[in-house]
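Going by my numbering, the first residue of the sequence shown is number 92, and it counts up by one from there.
Every residue, glycine too, gets a C-beta built ideally from N, C-alpha and C.
If you're wondering where the values come from, they're calculated on a predicted model, not measured in any experiment.
Working notes, structure below.
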Amino acid sequence: MQRSEPQVSADPWAAAEGGRPGRLDLLSLIPLAAIVLLVALVASLVWAVTRSEADQRRTKLATDALWVEQTLRFQLGVDEDMLVRLALDAASGTPEEVLEARARLHVANNPEVLSVIWHDAQGRPRGAVPGLSAPSDADLVARLQRSGAVSARPVYGAVQEGRVTMAVRAAEGGGVVTETISLPLMFERHIPWWIAEQYGVELVDTGDRQLAERARRDAEPGGAPHQISFDPPLSGTFLRITPYPEGREGGSLLLLASIGALAAFAILALVALYRNTARRRRAEVRLRGEMAFRRSMEESLTVGLRAKDHEGRILYVNSAFCRLVGWPEEALVGQGPPMPYWAPDRLEETLARQRALAAGGAVAQAFETRFRRADGSEIEVQVYEAPLIDARGAHRGWMGSVIDITEAKRAARLARAQDEAVARTGRLVTLGEMASTLAHELNQPLAAIASYAAGARNLIERGETAALGPVVEKLSLQAGRAGQIIRRVQDLARKREPSFTRLALAEVIQGTAGFLAADAREHRVRIALDLAAAPEVEADRILIEQVLVNLIRNGIEAMGPRRSGDEIVLRLRGDATGAVIEVQDAGQGVDPAMAERLYDAFASSKAQGMGMGLNICRSIVELHGGRLEFRPAEGGGTVFSVSLPAAGGTRMAAE
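Below you can see the structure in the form of structure tokens.
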């Protein structure tokens, strides 16, 4: 399949480094100008609103001041009228009890009235509410007595300690009636709370000394109060109303400052956005170069890459995958299962694997399968499926790496065949080394057969046929023994598949020891057995015998002239996982130089050895799911141990 490869420079991102912003973009100044105009417009609007609010506050202050003045004058007028009526009643001879009752009612209804006092023609108090000790203004009474004039309206005295006294003479030569009022109490009662919440109301004299006050908090420093003369009725006094600080100017300044800060932030944001846009342009150029470079790397891979979604639809393939299956990219991308490269005989298996992959979650998996190429040929492949995660961390599908392992599988099969041939050769070598042992083993039953045959002939010649039965039986037994030896040799030499059955290892060890007893005697070695209780194992009897024959013969040959004893010990014991067979010799031990490669093929310390025995033994033991190990023996020699799992345990299957 022909594909156009992207042209990538030596430095794929060099173009991005040269990306510089060009001349100033006039369009980028439009948001800046709009922000400046908006700030100016808002500032003008705030200034106009602030100016209008200031005028409204001044007008409202004057209006509220007049209202307070009228309220206080009205209350003083009420007190004046009451005082005039009391004076007229006193002049007309109204009983004092009635006058006192009226005065008490007036004081009760107007708590700011501290006292009402009746004075005689000489100015002495003759009646008072609430009592003669109530405050009064003696100077004012004396002044009216001296003048002798009758007044239609009360005369006010000077303000003293927040109190003012008004007096009236109702008839010539008559007495004077006075009423003393507490100005702070009058302010407290008759200036409403909503006025006190907005203004501080004061009564001051010409020396700016405060005479009475109604205020909830401090007045505005440096504020512009509204002042009204309160003379009359109170000589030399002024009513001053000062607004409390409302924080509106501060609020306006804060608003202006906020708008300015917002405008500055917007300008900085525009500058940052402009710079970020320039960086993004450079990054896009760099990203395009990087993507082209990555695409080039993907196209140069020999590993096939294939991405698919959760439904199995192909999202992406690289050139190596297209070459692997022989189909073009256009025929694969967007294709859903079944795929054109799936082997027809494995269609159901592949669909089942796809369903298992979808149900297994975002977990990487690996498996082997077979693909059919577009030309009809088939290949063996190894597939590694990994979760396909997007930029937001979502699991979108699967990314597969596909490797052609056709040649590797063929080589593995060839190597397996070679290993089997080597194992068979090893068995034949072992058989050749056992030739003398076989001669001794077969010599005894054959000699016995010949002896029993000669005896049978003599009995026949003498006509003693009745005695032939035991002789023929013994002859048959010896012939069977010889046949068993021959069959065992055939099993060792013949190529066969392993046959796993439940074995009692004590039996196998005893049989193998008996088989090699003659060979051991020739080498002046005695085979000793130490067999403890051990669980049965699932194994191939012939292969286990082959391992034991190799280990025992190696131990016999290791016990040359430099030996530490004359005994090979075969032990059997059980452990937590299965059974352990130990073969302990009394030889020279394993050369440290050979210890690291003792199990390697063709590694041998014997002059005529092929170096395959221990390698084959370890392969057989591992085939049974066990371990072959060695260690130095106490007092000299080596101990080889074969650990096998108990029957019913896990056994490694042959590849």
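Classification of residue i by the beta-carbon crowding that lies within 10 angstroms, buried from 16 upward
i, result
"Thr-297", "exposed"
"Asn-33", "In the structure as shown, the chain starts at 92 and stops at 746, and residue 33 therefore has no counterpart that could be examined."
"Thr-441", "buried"
"Val-416", "buried"
"Phe-356", "exposed"
"Gly-291", "buried"
"Leu-177", "buried"
"Arg-463", "buried"
"Leu-705", "buried"
"Trp-138", "exposed"
"Asp-150", "A small correction: the amino acid at residue 150 is Thr; Asp does not occupy that position in the sequence shown. That one is exposed."
"Phe-731", "buried"
"Ala-667", "exposed"
"Gly-669", "buried"
"Leu-174", "buried"
"Val-610", "The question names Val, yet the displayed sequence has Asp at residue 610. So Asp-610 ends up on the buried side."
"Arg-215", "exposed"
"Glu-285", "Residue identity differs from the one stated: residue 285 is Trp in this sequence, not Glu. Trp-285 should be labelled exposed."
"Ile-470", "buried"
"Gly-380", "buried"
"Pro-112", "Since pLDDT at Pro-112 reaches only 44, below the 50 mark, its modelled position is unreliable, and no value is offered."
Paired residues, beta bridge with residue i - DSSP
i, result
"Tyr-290", "Pro-334"
"Tyr-365", "Tyr-365 is not bridged to any residue."
"Pro-216", "His-210"
"Asp-747", "Outside the displayed range of the chain (92 to 746) lies residue 747, so it cannot be described from this structure."
"His-486", "Ile-480"
"Thr-269", "Ile-208, Ala-258"
"Asp-621", "Arg-662"
"Ser-734", "Val-671, Arg-718"
"Ala-457", "Tyr-475"
"Thr-328", "Asp-296"
"Trp-433", "Phe-462"
"Leu-396", "Ser-492"
"His-317", "Ile-332"
"Gln-251", "Arg-254"
"Thr-592", "Ala-630"
"Val-376", "DSSP output for Val-376 lists no bridge partner at all."
"Glu-304", "Glu-293"
C-beta contact flag for residue i and residue j at 8 angstroms
i, j, result
"Leu-594", "Ala-630", "yes"
"Pro-202", "Arg-280", "yes"
"Gly-651", "Gly-727", "no"
"Leu-152", "Pro-324", "no"
"Leu-566", "Ala-545", "no"
"Thr-269", "Val-220", "no"
"Leu-302", "Thr-328", "yes"
"His-486", "Ala-512", "no"
"Arg-617", "Glu-658", "yes"
"Ser-242", "Val-259", "yes"
"Gly-222", "Trp-209", "no"
"Val-628", "Leu-596", "yes"
"Asp-155", "Ile-350", "no"
"His-614", "Ile-635", "no"
Pick from the options that is closest to residue i, judged by C-alpha positions
i, options, result
"Glu-673", "Glu-648, Ala-619, Gln-679", "Ala-619"
"Gln-407", "Leu-345, Leu-423, His-401, Gly-417", "Note on residue identity: the sequence assigns Tyr, not Gln, to residue 407. Of Leu-345, Leu-423, His-401, Gly-417, the residue nearest in Cα terms is Leu-423."
"Gly-716", "Arg-664, Leu-639, Ala-724, Ala-737", "Ala-737"
"Gln-601", "Asp-322, Ser-242, Ile-643", "Ile-643"
"Leu-396", "Ala-667, Val-295, Gly-491, Ala-182", "Gly-491"
"Gly-266", "Lys-500, Asn-706, Gln-236", "Gln-236"
"Ser-590", "Leu-179, Ile-711, Val-394, Gly-184", "Ile-711"
"Val-640", "Ala-306, Ala-482, Val-599", "Val-599"
"Glu-345", "Ala-508, Val-133, Val-259", "One detail in the question is off: residue 345 reads as Leu in this sequence, not Glu. Nearest option by C-alpha distance: Val-133."
"Glu-293", "Gly-253, Val-259, Trp-285, Arg-260", "Gly-253"
"Leu-649", "Arg-662, Ala-677, Ala-623, Glu-636", "The question names Leu, but residue 649 in the sequence shown is Ala. Nearest option by C-alpha distance: Ala-677."
"Ile-540", "Ala-558, Pro-683, Leu-568, Arg-664", "Leu-568"
"Thr-393", "Ile-496, Gly-646, Ala-182", "Ile-496"
"Gln-637", "Tyr-432, Val-733, Met-430", "Val-733"
"Asp-400", "Pro-478, His-614, Leu-361", "Pro-478"
"Glu-402", "Ala-443, Val-660, Leu-274", "Ala-443"
"Ala-131", "Leu-438, Ala-502, Leu-353", "Leu-353"
"Thr-256", "Glu-191, Gln-213, Ser-326", "Ser-326"
"Ala-449", "Ala-411, Phe-321, Trp-489, Gly-427", "Trp-489"
Contact test: residue i Cβ vs the ligand SAH heavy atom, cutoff 7 angstroms
i, result
"Gly-380", "The model depicted lacks the ligand SAH and carries no ligand whatsoever."
For this session: Answer yes if the region 449-461 comes into contact with the region 469-484, meaning at least three C-beta pairs across the two stretches below 8 angstroms, and no otherwise.
Result: yes
Problem set entry | Given 8 angstroms, three or more beta-carbon pairs between the region 144-164 and the region 277-295 | yes
For this session: Inspect the CB distances between the region 363-383 and the region 183-196 and report whether three or more fall short of 8 angstroms.
Result: no
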